[in-house]
Every structure is written in C-alpha cells, then in structure tokens.
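Notes follow once the structure below has been shown.
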Amino acid sequence: MKFHYYSETDSLYIDLSKKVSVDSREVAPGVVLDFDAEGSLVGIDIDHASRIVDLSRLEAEELPITNLSLTRP
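Here the sequence shown stands for residues 31 to 103, where the numbers follow our numbering.
Below, the structure written as structure tokens:
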C-alpha cells in the first residue's frame, strides 16, 4: 500500500494494489474508488484532501509491516 500526496492539487491517492484500475466510482464529493477488472478495490482518490483528512499525522496499529519507506520530494 502506498500513499501519494500531490500538494499542487491537494489530492491524496491511496494505492492498495499493483493491479490496473479499469473502473472508478465517486462515492462522496471528491472521493473516488478505483476498481480492477474483477471488481476489487485497487485505490482511493481524495480531492482537497487537507479539507477531509488530517495530513499532518499517519498512525498504524497492529499492521504486519515488514518494510516501511518514507520519502520526501
């Protein structure tokens, strides 16, 4: 899973899978879910993300993380 934040558009994309998105559905204003050919969720796109979520904090509990990578542009 990867989180991509684009400051120029204030959008956050949560990439849940390496599969290609073939269908997208807006489920709330500015929130789009991306699905693969089998109908599985592969990503979440949030426009105007800083208005919807707190981008200053990322917290995880009890995830079986084996690799953690933090990068800055």
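The beta-carbon is built from N, C-alpha and C at its ideal position, and this holds for glycine as well.
* Asked: DSSP state of residue 87, grouped into three classes?
  -> coil
* To do: Measuring alpha carbon to alpha carbon, tell me which of 59, 46, 60, 64 ends up nearest residue 52.
  => 64
* To do: Please classify residue 79: is it buried, with 16 or more other beta-carbons within 10 angstroms of its beta-carbon, or exposed?
  => buried
* Asked: In the DSSP assignment, what residue or residues form a beta bridge with residue 73?
  -> 45, 64
* Taking the C-alpha atoms as reference points, what is the distance between residue 77 and residue 89? -> Cα to Cα, residue 77 sits roughly 21 Å from residue 89.
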